[in-house]
Amino acid sequence: MMIETNKDKLLKLAVMGEIVPSGSSGYRPTWNGVPKMSLGMGGIKYNLRVGDLCYGWASGDHVEPGVTIRGKEKPSPSQCALALLACIGNEARLTSGEAKNEKGVFTGRHAGSDDLVWFPEETIEKLAIGDKVQVKAHGVGLKIKGFEDVRVNKCSPRLLENMGIEVDGDQLVVPIVAEIPGFLMGSGIGSSQNVEPGDYDIQTTDPATNEKYGLKKLRLGDIVLLQDQLCMNGRGYYKGAMTIGTIIHGWSDSAGHGPGVNPLLSTIGGRIRTVIDPRANTARYLGLRDDL
Amino acid sequence: MVKTNKDNLLEIALQGEITHTAIPSTYTTTWDNRSQMSLGRGGIVYNVKVGDPCYGWELGDNVEPGVSADGTDNDRAKGGFRNLSNVGNRVKVLSGEAKGSWGTVIGKVGYLPDRSHHVVMHFKQEVIDDLTVGDKVQIRAKGAGHKFLDYPGVAVVSCSPELVEAWGIEEKGGKLHVPVTKVVPMDYVGQGAGGSPPQASNWDIQTQSPDAVEFCRDLRFGDIVLLEDTLSYYGRGYYHGAVTVGVVITGPSNHMGHGIGVSTLLSCKEGQIVPKVDPDVNLKRMLELED
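In the order they appear, the protein sequences are chains X and H.
Residue numbers for the first sequence follow the working numbering, so the first one is 171 and each next one is one higher.
Residue numbers for the second sequence follow the working numbering, so the first one is 2 and each next one is one higher.
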């Protein structure tokens with residue numbers, strides 16, 4: 171049985187962002203004290219898309235696929251409507267520049283600053299830093315009928331309906347790429363009482379653990395299960411809780427950091443069961459690429 | 002006694018001011034979807050001191066024992082105060098009614114509103130009664146660069162020579178047997194991962210899941226805990242088999258991912274730290290701090 175939602179009751183409204191310059195912060199120590207000049211956050215990434223690998227980009231750290239935009243109407247991007255209300259799968263549209271009126275898709279939010287948008291390759295070629303992007307925010311308040319106790323977060327109706335979720339008795343059956351033990355969750359735990367504006371990181375700074383859990387195989391957009399993690403009001407440990415999330419940024423060599431996860435579904439009461447599907451990825455669910 | 006480089010450590014002055022208590026401007030949302038007005042995060046807390054229980058304070062959320070101060074002025078001055086102060090350093094009151102009184106640094110706290118930090122200090126009650134928010138304090142900081150000479154794999158973080166001498170660490174078979182109050186499983190360790198440097202700010206033991214609350218129930222401010230599978234060398238993060246030893250410096254929290262704050266003292270990923278568990282271990286006794 172497929173899920174039913176309250177999507178007809180959700181307000182759809184405009185939120186605004188602007189393409190920001192690429193980030194650069196000079197050399198910083200990695201987890202084991204090696205100075206590293208990192209890149210891949212902010213700006214326009216011509217050759218990194220949702221669906222690509224998290225690991226392996228030269229000097230890459232927290233690499234963000236596609237185009238990075240930020241809300242500008244408040245002092246901090248995290249306080250802006252874009253950060254709080256845009257949901258993965260929402261339509262984005264350029265409202266200035268050479269690609270004006272061309273469309274893309276909102277693909278996730280990186281805590282602190284960056285909202286991520288996919289655009290077709292021919293559109294990306296025309297983009298300039300500073301171009302304005304408006305997103306039709308639609309998804310805050312989304313609930314699954316009969317599963318109102320399951321927290322839905324950052325998830326457009328379009329994404330939720332395309333994730334291949336089935337109802338089996340009193341459980342939702344959700345396809346995932348991998349199970350991540352909760353103790354690997356690091357940076358982002360406790361950082362906010364709101365789930366909406368942030369991600370948190372699967373820590374990739376223990377080489378043996380990376381191999382043990384196959385973390386180098388994870389892709390941007392992969393749907394994963396976080397065991398013993400509760401993301402209803404904030405993010406953190408709760409024995410027996412389950413959180414389903416999607417990976418929105420890549421690998422890191424900084425202590426406590428790694429691929430970032432936007433929580434999509436969270437339950438405290440055993441209402442979710444998972445099945446492994448190596449193709450469970452937002453890029454496929456949202457029709458952004460056909461090679462996954 | 003473990004051999005150290007204490008005679009090669011610079012001793013410097015760090016100046017800060019006693020902070021206001023740090024509360025958000027409105028109700029906050031607890032992990033279980035309630036609204037809460039929290040209190041007890043720093044400033045001057047008259048009736049909670051190192052050695053007291055972490056639990057049991059009404060509306061207390063990340064309560065800090067005693068008095069907290071932060072660096073003032075520019076980022077350089079703030080950074081020095083936060084990064085170079087050490088647990089066990091002596092601190093002198095420079096202004097106000099308690100001018101000339103001395104106290105002791107007992108831990109450090111980060112993740113506060115407006116990116117501020119707290120260096121938490123113990124003073125005798127008669128001194129606390131005379132202190133005012135904004136009073137200037139000066140730490141005689143000695144401890145940055147501290148090393149255990151025969152254990153290069155052990156990071157010594159924000160430890161004064163006085164603390165190391167009072168701790169009772171024993172050397173046996175090439176390992177350091179470190180007195181701790183409790184050993185904390187990695188599952189419970191939350192906020193703090195991803196933060197850098199370990200000299201500033203803190204780890205949190207998460208206090209929302211019922212099993213974690215039960216585990217933490219008897220902890221006291223000043224207890225020394227060992228956090229399993231955590232590494233605090235150039236930042237804080239997960240590393241299987243590594244350990245971080247720190248001092249309990251805040252009370253529990255109802256906010257997801259937060260909890261009992263632990264200020265880092267030692268870390269090692271090479272198995273040279275062995276916990277010697279003794280429920281009576283507490284900073285108050287180690288440093289002979291008087292109420």
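Where is the CB? At the ideal position from N, CA and C, for every residue including glycine.
What residue does the beta strand (DSSP E) around residue i start on, and which one ends it?
{"i": "THR293 (chain X)", "result": "Unbroken run through THR293 (chain X) is the alpha helix (DSSP H), 291-294; no beta strand (DSSP E)."}
{"i": "GLY332 (chain X)", "result": "It is Asn, not Gly, that sits at residue 332 (chain X) in the sequence shown. Per DSSP, ASN332 (chain X) belongs to no beta strand (DSSP E); it is in the alpha helix (DSSP H), 327-332."}
{"i": "ALA262 (chain X)", "result": "261-264"}
{"i": "VAL68 (chain H)", "result": "67-72"}
{"i": "ALA184 (chain X)", "result": "183-189"}
{"i": "GLU171 (chain H)", "result": "171-173"}
{"i": "LYS409 (chain X)", "result": "406-419"}
{"i": "LEU229 (chain H)", "result": "The question names Leu, but residue 229 (chain H) in the sequence shown is Glu. That run of the beta strand (DSSP E) goes 225-232."}
{"i": "LYS1 (chain H)", "result": "A query on residue 1 (chain H) cannot be resolved here, the shown segment of chain H reaching from 2 to 292 and no further."}
Take the Cβ of residue i as the centre, count every other Cβ of all protein chains shown within 10 Å, and call the residue buried at 16 or more, exposed below.
{"i": "LYS324 (chain X)", "result": "buried"}
{"i": "PRO253 (chain H)", "result": "buried"}
{"i": "ASN403 (chain X)", "result": "buried"}
{"i": "THR375 (chain X)", "result": "buried"}
{"i": "ARG221 (chain H)", "result": "buried"}
{"i": "LEU150 (chain H)", "result": "exposed"}
{"i": "GLN126 (chain H)", "result": "exposed"}
{"i": "ARG302 (chain H)", "result": "This structure cannot settle anything about residue 302 (chain H), because the visible part of chain H is limited to 2 through 292."}
{"i": "ARG116 (chain H)", "result": "exposed"}
{"i": "ARG405 (chain X)", "result": "buried"}
{"i": "SER424 (chain X)", "result": "buried"}
{"i": "GLY352 (chain X)", "result": "buried"}
{"i": "ASP371 (chain X)", "result": "buried"}
{"i": "GLU291 (chain X)", "result": "exposed"}
{"i": "VAL184 (chain H)", "result": "exposed"}
{"i": "TYR216 (chain X)", "result": "exposed"}
{"i": "TYR407 (chain X)", "result": "buried"}
{"i": "ALA348 (chain X)", "result": "buried"}
{"i": "MET122 (chain H)", "result": "buried"}
{"i": "ILE228 (chain X)", "result": "Per the sequence shown, residue 228 (chain X) should be read as Ala rather than Ile. By the 10 Å Cβ count, ALA228 (chain X) comes out exposed."}
Could you tell me how far apart the beta carbons of residue i and residue j are, in whole angstroms, since I believe they sit closer than 8 Å?
{"i": "GLY193 (chain X)", "j": "GLY212 (chain X)", "result": "4 Å"}
{"i": "THR464 (chain X)", "j": "ILE417 (chain X)", "result": "In this structure chain X extends from 171 to 462, so residue 464 (chain X) is not present and cannot be described."}
{"i": "CYS401 (chain X)", "j": "ARG321 (chain X)", "result": "7 Å"}
{"i": "VAL263 (chain H)", "j": "VAL226 (chain H)", "result": "6 Å"}
{"i": "THR294 (chain H)", "j": "GLY44 (chain H)", "result": "Since the first and last residues shown for chain H are 2 and 292, residue 294 (chain H) lies out of range."}
{"i": "ARG42 (chain H)", "j": "ALA201 (chain H)", "result": "Actually they are not in contact, since the Cβ atoms of ARG42 (chain H) and ALA201 (chain H) sit about 16 Å apart, beyond 8 Å."}
{"i": "GLY415 (chain X)", "j": "LEU434 (chain X)", "result": "6 Å"}
{"i": "GLU163 (chain H)", "j": "LEU267 (chain H)", "result": "No, GLU163 (chain H) and LEU267 (chain H) are not in contact; Cβ-Cβ is about 15 Å, not under 8 Å."}
{"i": "GLY187 (chain X)", "j": "ARG240 (chain X)", "result": "6 Å"}
{"i": "GLY135 (chain H)", "j": "ALA194 (chain H)", "result": "Wrong, their Cβ atoms sit about 34 Å apart, outside the cutoff."}
With residue i as the anchor, note down where its alpha helix (DSSP H) starts and where it stops.
{"i": "ILE129 (chain H)", "result": "126-129"}
{"i": "ALA269 (chain X)", "result": "It is not in any alpha helix (DSSP H) - ALA269 (chain X) carries neither H nor E in the DSSP assignment."}
{"i": "CYS341 (chain H)", "result": "The displayed coordinates of chain H run from 2 to 292. Any statement about residue 341 (chain H) would go beyond what the structure contains."}
{"i": "TYR152 (chain H)", "result": "Per DSSP, TYR152 (chain H) belongs to no alpha helix (DSSP H) and is neither H nor E."}
{"i": "GLY108 (chain H)", "result": "Per DSSP, GLY108 (chain H) belongs to no alpha helix (DSSP H); it is in the beta strand (DSSP E), 103-110."}
{"i": "LEU342 (chain X)", "result": "Run containing LEU342 (chain X): none in the alpha helix (DSSP H); it sits in the beta strand (DSSP E), 341-346."}
{"i": "TYR455 (chain X)", "result": "452-455"}
{"i": "ASN380 (chain X)", "result": "377-382"}
{"i": "GLU163 (chain H)", "result": "162-168"}
{"i": "LEU209 (chain X)", "result": "Per DSSP, LEU209 (chain X) belongs to no alpha helix (DSSP H) and is neither H nor E."}
{"i": "MET287 (chain H)", "result": "284-287"}
Quick one: does the C-beta of residue i sit closer than 8 Å to a heavy atom of the ligand HEM?
{"i": "TYR56 (chain H)", "result": "Among the ligands in the structure shown, none appear at all, so the ligand HEM cannot be discussed."}
Below 8 Å between beta carbons is the criterion; list the residues of the segment 180-213 of chain H that meet it against any residue of chain X, in chain order.
Residues passing the 8 Å Cβ filter: MET187, ASP188, TYR189, VAL190, GLY191, GLN192, GLY193, ALA194, GLY195, GLY196, SER197, ASP205, GLN207, GLN209, SER210, PRO211, ASP212 and ALA213.
In chain order, what residues of the segment 8-40 of chain H put their CB closer than 7 Å to some CB of chain X?
Hits within the stretch, in order: THR29, THR30, THR31, TRP32 and ASN34.
Decide yes or no for the touch test of the segment 3-17 of chain H against the segment 447-460 of chain X: beta carbon pairs closer than 8 Å, at least 3 of them.
No: the two stretches stay apart, fewer than three of their Cβ pairs being nearer than 8 Å.
Taking only beta carbons into account, state which residues of the segment 415-427 of chain X come closer than 8 Å to chain H, listed in chain order.
Among the residues of the segment 415-427 of chain X, those with a Cβ less than 8 Å away from any Cβ of chain H are SER424, ALA425, GLY426 and HIS427, in the order of the chain.
Contact between the segment 242-260 of chain H and the segment 352-362 of chain X (3+ Cβ pairs under 8 Å)
These segments touch.
Contact set between the segment 367-399 of chain X and chain H, restricted to residues whose Cβ is under 7 Å from the partner:
Against chain H - using a Cβ distance shorter than 7 Å - the residues of the segment 367-399 of chain X are ASP371, GLN373, THR375, ASP376, ALA378, THR379 and ASP398.
Output needed in chain order: residues of the segment 425-454 of chain X with a Cβ under 8 Å from some Cβ in chain H.
Answer set for the segment 425-454 of chain X: ALA425, GLY426 and HIS427.
Three or more beta-carbon pairs under 8 Å between the segment 87-95 of chain H and the segment 32-42 of chain H, yes or no?
Judged by Cβ distances under 8 Å, the segment 87-95 of chain H makes no contact with the segment 32-42 of chain H, as fewer than three pairs qualify.
Flag this pair as touching only if the segment 58-77 of chain H and the segment 244-251 of chain H have three or more C-beta atom pairs under 8 Å; answer yes or no.
Touching, per the Cβ criterion.
According to a CB-to-CB cut-off of less than 7 Å, which residues of the segment 340-357 of chain X neighbour chain H?
Along the segment 340-357 of chain X, going in chain order, the ones with a CB nearer than 7 Å to a CB of chain H are GLY352, PHE353, LEU354, GLY356 and SER357.
Of all the residues that make up the segment 257-283 of chain H, which are near chain X by a beta-carbon distance shorter than 7 Å?
If the cut-off is 7 Å between Cβ atoms, the segment 257-283 of chain H has MET257, GLY258 and HIS259 near chain X.
Any contact between the segment 203-220 of chain H and the segment 171-190 of chain X? By contact I mean 3 or more CB pairs, one from each, below 8 Å.
In this structure the segment 203-220 of chain H does not touch the segment 171-190 of chain X; the number of beta carbon pairs closer than 8 Å is below three.
State whether the segment 136-143 of chain H contacts the segment 9-23 of chain H, with contact taken as three or more CB pairs (one from each stretch) at a distance under 8 Å.
By the Cβ criterion, the segment 136-143 of chain H is in contact with the segment 9-23 of chain H, since at least three pairs of Cβ atoms, one from each stretch, lie closer than 8 Å.
Any 3 or more C-beta pairs closer than 8 Å across the segment 195-214 of chain X and the segment 231-244 of chain X
Judged by Cβ distances under 8 Å, the segment 195-214 of chain X makes contact with the segment 231-244 of chain X, as three or more pairs qualify.
Contacting positions in the segment 300-311 of chain X - beta carbon closer than 9 Å to chain H:
For the segment 300-311 of chain X, there are no residues whose beta carbon sits under 9 Å from a beta carbon of chain H.
Cβ contact check for the segment 196-209 of chain X and the segment 225-241 of chain H: 3 or more pairs under 8 Å
Judged by Cβ distances under 8 Å, the segment 196-209 of chain X makes contact with the segment 225-241 of chain H, as three or more pairs qualify.
Does the segment 437-445 of chain X come into contact with the segment 332-343 of chain X, if we say contact requires no fewer than three beta-carbon pairs (one atom in each stretch) closer than 8 Å?
Taking a cut-off of 8 Å for Cβ pairs, the segment 437-445 of chain X and the segment 332-343 of chain X touch, as three or more such pairs fall below it.
Proximal residues, the segment 231-250 of chain X versus chain H, C-beta separation under 7 Å
Taking 7 Å as the cut-off between beta carbons, none of the residues of the segment 231-250 of chain X comes near chain H.
What residues in the segment 138-153 of chain H bring their beta carbon closer than 7 Å to a beta carbon of chain X?
If you check each beta-carbon in the segment 138-153 of chain H against every beta-carbon of chain X, none falls closer than 7 Å.
What are the residues of the segment 73-92 of chain H that lie near chain X, defined by any Cβ-Cβ distance shorter than 7 Å?
Here the close residues number zero.
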